[in-house]
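Colleague:
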Amino acid sequence: MNDPATLVPRASTFIVIPAYNEAPTIGAVVRDLLPGWPRVVVVDDGSTDRTADTAARAGAEVVRHAVNRGQGAALQTGFDYCLAAGARFLVTFDGDGQHPSEELERLVEPVAAGRCDIALGSRFLDARSDVPALRRLLLKAAVIFTRVVSGLRVTDTHNGLRALTRDAAERLELRADRMAHASELLDQISSLGLSWAEVPVRVRYTRHSRAKGQRGLDALRVLVDYVLNRVFR
Amino acid sequence: MNAFQILGISLTGCFALLTVLGVARRRLRPVPGLAWALLWVAAAVAIARPELTVIVAQSLGIVRGADLIFYLAILGMFVGFFLVYVRLRRLDEGLTQVVRRLAIAEARHRIEAGGGEPAAREGESAAD
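Set out below in structure tokens:
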């Protein structure tokens, strides 16, 4: 009974992968997930490469934005699609290959067991992730900012690995289309009173994921985007 | 009255008339229409009687009427930028909604047509 595998209903757990120009990695990511997780939904966010075709050939259900709207918008599209398709649990997962699929069972388990509404992956709860120094600094600054603004004492804010219940996904409404959605989601967890827990996860830093990751100037953009979204929502 | 005053008053008068017609034809809402009409009338008065701007400026602690006009123009420009930005954000949100609905509808259509189910995979070894 304590075996996590018995608690997680994989057939009704949908993996949502927002993807923008991820053709080099998305096929391998989907194939890595599919044997164990039958519902993999790739939201192609208006990619100009063959992301959608590659994901579909690998076996994912593909939802395709006609034009690029940002990762937050793609995630909300994925949530809407999965809820309409009858998802009981939803997982957000990155398409750049930095998340190992072995982490999912442990991530979904507290949500499936009813111990919390949302499980947030954290790369800082153990030493398995080799986070580059500059990124570690930016992420730590983001953690402090989030703790001050949302009041959530999280250890990682911009980690794409999360698991949530259907009820939580129905209540969340991501309006920040671009990267500020990660902070917005934490804000909504706080304001909606959703229960949450952090789960240690490993993040792999590959050349591709480093190239696609956020840099210093991007962090500033995210901050400006976040503030504007709070002002105008 | 000099040539500039004649030209300026004629132009602001035309804009005021267009604004009133816009409200009458329901192309402009009454409140913004009234605000625009007042703005054109104020501009016409400032052009016709520039000494009035000096009186208003000095009552606000500004020495020259031209400075008052300049400050108001800058202020108006920023208000304009802000309103355009708000409008753009609304359009952006609307665009996201449209893109989302279209994306989901297309995906569901593909699935109903049998092209998007996991069973339709070409195989795990498909080349990327």
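Note that the protein sequences, when read in sequence, are chains A and U. So for the first sequence, this note's numbering puts the first residue at 95; every next one is plus one. So for the second sequence, this note's numbering puts the first residue at -6; every next one is plus one. Where is the CB? At the ideal position from N, CA and C, for every residue including glycine.
(1) For L95(U), which residues in chain A fall below 7 Å Cβ to Cβ?
(2) Assuming L49(A) and L268(A) are in contact, meaning their beta carbons sit under 8 Å apart, how far apart are those beta carbons, in whole angstroms?
(3) Closer than 8 Å is the cut-off here; do at least three beta carbon pairs connect the segment 203 to 218 of chain A with the segment 134 to 149 of chain A?
(4) Please confirm whether D174(A) has its beta-carbon closer than 9 Å to some beta-carbon of chain U.
(5) Using three-state DSSP, classify A113(U) as helix, strand or coil.
(6) Under 7 Å between beta-carbons, which chain A residues line up against E44(U)? List them in chain order, please.
(7) I want to see whether chain A comes within less than 9 Å of L106(U), judged by CB atoms only; does it?
(8) DSSP three-state label for D60(U), please.
(9) Per DSSP, what kind of secondary structure is V137(A) in: helix, strand or coil?
(10) In three-state terms, what does DSSP make of F90(A)?
(11) Please return the same chain residues whose Cβ sits closer than 7 Å to the Cβ of L65(U), not counting the five positions on each side in sequence.
(12) Along chain A, in chain order, which residues have C-beta atoms closer than 7 Å to that of S82(U)?
(13) I need the boundaries of the beta strand (DSSP E) containing V156(A), first residue and last residue.
(14) So, are the CB atoms of D312(A) and G164(A) less than 9 Å apart?
(15) Quickly, what does DSSP pair L258(A) with across the bridge? List them, please.
(16) Mark A98(U) as exposed unless 16 or more other C-beta atoms lie within 10 angstroms of its C-beta, in which case mark it buried.
(17) Round the Cβ separation of V102(A) and F173(A) to the nearest angstrom and send it over; I've been treating them as touching at under 8 Å.
(18) For V248(A) versus E292(A), is the C-beta distance shorter than 9 Å?
(19) Using the DSSP secondary-structure output, state which residues sit across from P112(A) in a beta bridge.
(20) Do I212(A) and S289(A) have their C-beta atoms closer together than 9 Å?
(21) Please list, in chain order, all residues of the same chain as A167(A) whose beta carbon is under 6 Å from its beta carbon, the five residues on each side excluded.
(22) Taking 9 Å as the CB-CB limit, is A274(A) close to chain U?
(23) According to DSSP, T351(A) sits in a beta bridge with which residue or residues?
(24) What does V92(U) touch in chain A if you count any residue whose Cβ is under 7 Å from its own?
(25) Starting from P294(A), follow the alpha helix (DSSP H) in both directions and report where the run begins and ends.
(26) At least one CB of chain U closer than 9 Å to the CB of V316(A): is that the case?
(27) Identify, in the order they occur along the chain, each residue of the same chain with its Cβ nearer than 6 Å to the Cβ of V136(A), setting aside the five sequence neighbours on each side.
Modeller: On the basis of the coordinates in this document:
(1) Here the neighbours are A160.
(2) Within the shown structure, residues of chain A are numbered from 95 to 327, placing residue 49(A) beyond reach of any answer.
(3) No: fewer than three Cβ pairs fall under 8 Å.
(4) So yes, D174(A) belongs to the interface.
(5) In this prediction, A113(U) has a pLDDT of 42, which is less than 50 and means its spatial position is unreliable; nothing more can be read from the coordinates.
(6) By Cβ distance, chain A contributes nothing, its closest Cβ being about 42 Å from E44(U), past 7 Å.
(7) Checking the sequence shown, residue 106(U) turns out to be Ala, not Leu. Not one chain A Cβ lies under 9 Å of A106(U).
(8) Three-state result, D60(U): helix.
(9) DSSP places V137(A) in strand when its eight states are reduced to three.
(10) What is shown of chain A runs 95 to 327, which leaves residue 90(A) out entirely.
(11) Its chain contains no residue whose beta carbon lies nearer than 7 Å to that of L65(U) once the 5 sequence neighbours on both sides are disregarded.
(12) Per the sequence presented here, residue 82(U) reads as Arg, with Ser not at that position. Neighbours of R82(U) in chain A, taken as residues at a C-beta separation under 7 Å, are given in chain order as F326.
(13) V156(A): member of the beta strand (DSSP E) spanning 155 to 159, first to last residue.
(14) Contact flag unset, no.
(15) DSSP lists L184(A), I212(A) as partners of L258(A).
(16) That one is exposed.
(17) Between V102(A) and F173(A) a beta carbon distance of about 19 Å is seen, past the 8 Å cut, so the two are scored as non-contacting.
(18) Contact flag set, yes.
(19) In DSSP, P112(A) forms a bridge with V137(A).
(20) In contact: I212(A) and S289(A) (Cβ atoms closer than 9 Å).
(21) For A167(A), where only same-chain residues beyond five positions count, the Cβ hits under 6 Å are D271.
(22) No, no contact with chain U.
(23) Residue 351(A) falls outside the range modelled here, since chain A spans only 95 to 327, and no answer is possible.
(24) Close partners of V92(U) in chain A (Cβ separation under 7 Å): H159, A160, V161, R163.
(25) Going by DSSP, P294(A) is part of no alpha helix (DSSP H) but of the beta strand (DSSP E) stretching over 290 to 294.
(26) So, not an interface residue.
(27) The answer, listed in chain order, is I111, A113, A149, A154, V156.
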